[in-house]
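Residue numbering for the sequence shown follows the working numbering, beginning at 6 and increasing consecutively.
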Amino acid sequence: MQSQKSFAKNQTSGILYLVPTPIGNLGDMTFRSVEILKEVDIIASEDTRNTQKLLNHFDIETKQISFHEYNTRQRVPELVERLRNGENIAQVSDAGMPSISDPGHDLVVACVKQAISVVPLPGANAGLTALIASGLSPQPFYFFGFLNRKPAEQKRQLEKLANKEETLIFYEAPHRLKKTLTNMSAIFGADRSAVLCRELTKKFEEFLRGSIQELLDWATDNEIRGEFVVIVEGNAHPENPEEALPEMSVEDQVTNLISTGEKPNDAIKQVAKLRGLKKQDVYATYHHLRDSK
C-alpha cells in the first residue's frame, strides 16, 4: 500500500502536475492551470508548437520539452530523474485531460513506482462535455476512446461492447467516422440511439442526435469535418451469451467469427473455450469430420 500526501512539506522530490488544456475555447483554461504552468520548472508537452500558442495567449514563459508517443521510452526516465532532483513538472496533452489518448499514463505509472507525487488538476474533457449534453443517460457510462483502426479488430471491439447497458463514449477522427458508424450499425443495430458531437466548445460546435442509421445517412450525405465524440445508447435488452450459445451451431459460430476477420484456427480455439469443448472436436465439427454438436 502507498499513501500520497500531495502537498506534504517534507517532500524531497518534485511534483508532477497533470494540467488539462482547453479542447477548443481558450476561455475554458482555469486560473489554477495558468498559475501552475507559470510556476513549474518545465512543461512536458505532447506538441510543443500547439502548446506554445496556449502559453503565448496567457503570457506563460515556462520552457517546454516534447513528450509524445514516439519518444516515451527516452523521456519517461529523463522526466522522472528531474522530478527526483526536485524539479516540478507540468504535463499537458494537445487538448483536454493528460493521460487520455496520450502517453501521460506511462509517466504517471513511473512516478507512482518512485513515490513521486502526481497532482491532477480538473478541467476540460471532451468525453464528459459531450455526454452531459447528449440527451442520453449520463450514468453509468463506459468510456472507450478511440477504436482500433483495423476493420477486423474494430469489429471485435464493438462486438465485446454490444451487450453493455452503459452509455458508450468514443472518440473518432473525421476520415474514419463513416466506416465506424457502418460497423456500429451492423453490430449494435441500426435503430440504436446515438449522438455525434462535433467541434466541441468551438465556433462550429454541433450535436447530431438520432439513430445510428440516421447518423450514418448524414455522414454519407455531408462533408465530414472536425474531431468527433460519438455517444451511443447502452443496450436496453442485453443478451446472455451463455443462453444464446445453444441457438447457434458450432459451425455457424466459427463461421461468424471468421467473418469478422478472425483466422479459422483462432476462431475454432475461441468457440472451443466458450463451449467448454476440446479444440480438436470443434475442428472436426467445423470441417465436417463428424456430426455437429
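The beta carbon of each residue, even a glycine, is placed where N, CA and C say it ideally should be.
DSSP state of ALA199, grouped into three classes?
strand
Look up PHE212 in the DSSP assignment and say whether it is helix, strand or coil.
strand
Anyone know if the C-beta pair for GLN218 and ALA120 falls short of 8 Å?
no
Taking the Cβ atom as the reference point for each residue, do GLN16 and SER190 lie within a distance shorter than 8 Å?
no
Using 10 angstroms around the beta-carbon of VAL114, count the other beta-carbons present and answer buried if the total reaches 16, otherwise exposed.
exposed
Is LYS160 closer than 8 Å to ILE192 when the C-beta atoms are compared?
yes
Could you pull the start and end residues of the beta strand (DSSP E) that PRO125 belongs to?
123-125
Measure how close the beta-carbons of GLY19 and GLU92 come, nearest whole angstrom, since I'm counting them as under 8 Å.
5 Å
Residue from THR172, LYS284 and SER38 with nearest C-alpha to PRO145
THR172
Identified DSSP bridge partners for ILE192
BP columns for ILE192 are empty, so no partner.
Per DSSP, which one or two residues make a beta bridge with GLU177?
PHE233
Neighbourhood of ARG197 by C-beta, 6 Å cutoff - its chain only, sequence neighbours within 5 removed
ILE217 and GLU238
Count the other CB atoms within 10 Å of the CB of GLY150; is the residue buried (16 or more) or exposed (fewer)?
exposed
Taking 8 Å as the cut-off, does the segment 161-169 touch the segment 198-209 (at least 3 CB pairs, one atom from each stretch)?
no
Tell me SER139's beta-bridge partners as DSSP assigns them.
Beta-bridge pairing links SER139 to no other residue.
Cα separation between ASP167 and ALA289?
Just to set this straight, residue 167 is Ala in the shown sequence, not Asp. Rounded to the nearest angstrom, the two C-alpha atoms are 30 Å apart.
For SER264 and GLU170, I'd like the C-alpha separation in whole angstroms.
25 Å
Taking C-alpha atoms, which residue in PRO125, VAL255, ASP222 and GLY132 lies nearest to PHE12?
PRO125
Would you mind giving the Cβ-Cβ distance between ILE229 and LEU182, rounded to the nearest angstrom? I have them listed as a contact below 8 Å.
5 Å
Can you tell me which of the three DSSP states GLN119 falls into?
coil
Report yes if the C-beta distance between ILE48 and THR67 is below 8 Å; otherwise report no.
yes
Let's test the definition: count the other Cβ atoms within 10 Å of the Cβ of GLU51 and tell me whether it reaches 16, buried, or not, exposed.
buried
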